[in-house]
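Working notes, structure below.
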Amino acid sequence: MANLRILTLLSSSRAAGCTSARLGRLPLGLSAPGAGKPAVLSTWGQDVTDLGQNYQYQAQERARCVTSFYNQSAIDVAAAKTSVRLTPTTMLYSGRSADGSHLLRSAEYLHKELPVRIAHRIAGFRGLPFIVGCNPTILAVHELYIRSFHLLTEFPGPIVDHDTDLQYCRMVRDLLEDHSDVVTHLAEGFKECRKHIQDPGLIKTFLDRTLTSRLALRMLAEHHLALHDEKPNFVGIICVNFSPKALIEKKADAVRELCKLKYGTAPEIRLNGHLDCSFPYTPQPLDYILHEMFKNAMRATVEGNLDNRERMPPITVTIANNDIDFVIRISDRGGGIRNDLVKKVWNYGFTTSGDTDDSRVSGGLFGHVMENRNVGPMHGYGFGLPACKAYVEYLGGSLSLYSMYGIGSDIYIRLRHIDGKHESFRI
């Protein structure tokens, strides 16, 4: 029994040590191996007392590490504050000034706002079931958020000159890079511990909030960075004359090329509807959403028509624009989804990837190359559709799927305008 307890301690200590290995750093509060602690014994025949002391030390180190995750008053204070969310209209019409003062206002807003939003997400990690929150991959993301919070709060403020603003921009750009793989790590972590999840609703709420908060943080940060660049037709990340047709064609062409890499062929894309419409909008989130929708539609079309490769049915995209919102419908003839599975496609972790065992679609290239830098690879994790739905709803719209099993599927993406004429969403 003594050996069993020692083996259990050894296993748990190794798991704790893995927490930050994937991000290349040790957990907060955890010293480097051999730094002021007893040497780890290499054989079981050595003194058990020394071995017990060693693992007692490791247990104390892990306890300090976990304590640092939860007992941080600055995070508690920030998490208790309410975030100040901006409308895209506000961002659009306050985004330019002749003297550059808009840059300082934007920087000072971020300086106050980003720590609050990061603290809210840390509180979300703290609220996870214990066994889920202790997963090494998820714990590493938790640590990343804590480290980001401290970097943001330690930056001196207020930001009142352009040199300080440029320093702040460099830090924000580095943080965006550090967080570029967060969604991938979350997908991996929840996949690793899904058998321990007793309340799927709690996990869905956590992921919806984490992903939409991450989207908002990136939009705000990238908007501030983009304000420093004079890009025609843009104010920050907002395109003042956004053309849905142009973005759809761009994303369709990109995904078709990826589809050809996997299958050697790809369906055509046909557009109809209000092709000439244009209006102010933020292309960034729609860019990813369209990427994911086209990926699913093309994969379904190719895999559903393997015996008809020469006359593969096209994917039809319809654009409808009105005073309140605009709608993009993507229709494919890929065979559709069984009725008993339609609701499940919105669940995190559910995927139809690998449903076919046809050797003509074997391999993994399509899944691996289907990546978006801001959200990570989705194919096979079951994060694509539920993440898109969370994004669209956060942006004040809706995402609906209608399937005719045996024929194909229709996806409706409905998004609100941001011109200020009607109520809009807040970022």
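Sequence positions in the sequence shown follow mature numbering (1 follows the signal peptide of the UniProt record, and there is no 0) and run -15 to -1, 1 to 412. We put the beta carbon where it would ideally sit given N, CA and C, even for glycine.
Under the three-pair Cβ rule at 8 Å, the stretch 233 to 253 does not count as touching the stretch 191 to 201. By DSSP's assignment, Tyr273 forms no beta bridge with any residue. Going by beta carbons, Asp150 and Leu246 fall outside the 8 Å limit. Along the length of the stretch 224 to 286, whole alpha helix (DSSP H) runs at least 4 residues long occupy 229 to 248, reported in chain order.
DSSP places Gly319 in the coil class of the three-state scheme, outside both helix and strand. Asn306 is bridged by DSSP to Phe311. Across the structure, Val225 and Gly381 are spaced so that their CA atoms are roughly 19 Å apart. Rounded to the nearest angstrom, the gap between the Cα atoms of Tyr273 and Ser58 is 37 Å. Distances from the CA of Thr301 to each of Asp292, Gly258 and Trp331 were compared; the closest alpha carbon is that of Gly258. Here Ser68 carries a coil assignment [DSSP, helix/strand/coil]. For the set Asp310, Ala285 and Arg158, the Cα lying nearest the Cα of His407 is the one of Asp310. Bridge pairing for Val220: Ile223 [DSSP]. The closest CA to that of Val312, considering only His402, Met389, Met76 and Arg255, is found on His402. With fewer than 16 other CB atoms across the displayed protein chains lying within 10 angstroms of its CB, Val62 is exposed. The stretch 114 to 132 makes contact with the stretch 163 to 176, as at least three CB pairs between them are under 8 Å. Secondary structure at Tyr78: helix, using DSSP grouped into helix, strand and coil.
In the DSSP secondary-structure assignment, Leu384 is bridged to Ile398. Each residue's CA atom was taken as its position, placing Phe110 and Leu326 some 30 Å apart.
A distance below 6 Å between beta-carbons, with the five flanking residues on each side excluded, links Gly142 to the following residues of its chain, in chain order: His96. Annotation: the continuous alpha helix (DSSP H) that includes Val157 extends over His147 to Asp163.
Straight-line spacing of the CA atoms in Ile131 and Ala104 works out to 8 Å.
Contact check for Ile233 and Leu256: beta-carbon distance about 7 Å, within the 8 Å limit, so the pair qualifies. Judged by DSSP in its simplified three-state form, Gly186 adopts helix.
Judged by DSSP in its simplified three-state form, Ile412 adopts coil rather than helix or strand. With a contact defined as Cβ atoms closer than 8 Å, Glu277 and Cys373 qualify at about 5 Å.
Excluding residues up to 5 positions away in sequence, Val101, Ala104, His105, Ile107 and Ala108 lie with their Cβ nearer than 8 Å to the Cβ of Ala64 in the same chain. Comparing alpha carbon positions, the residue from Phe115, Phe175, His209 and Asn281 closest to Glu98 is His209.
Gly174 has no beta-bridge partner at all, per DSSP.
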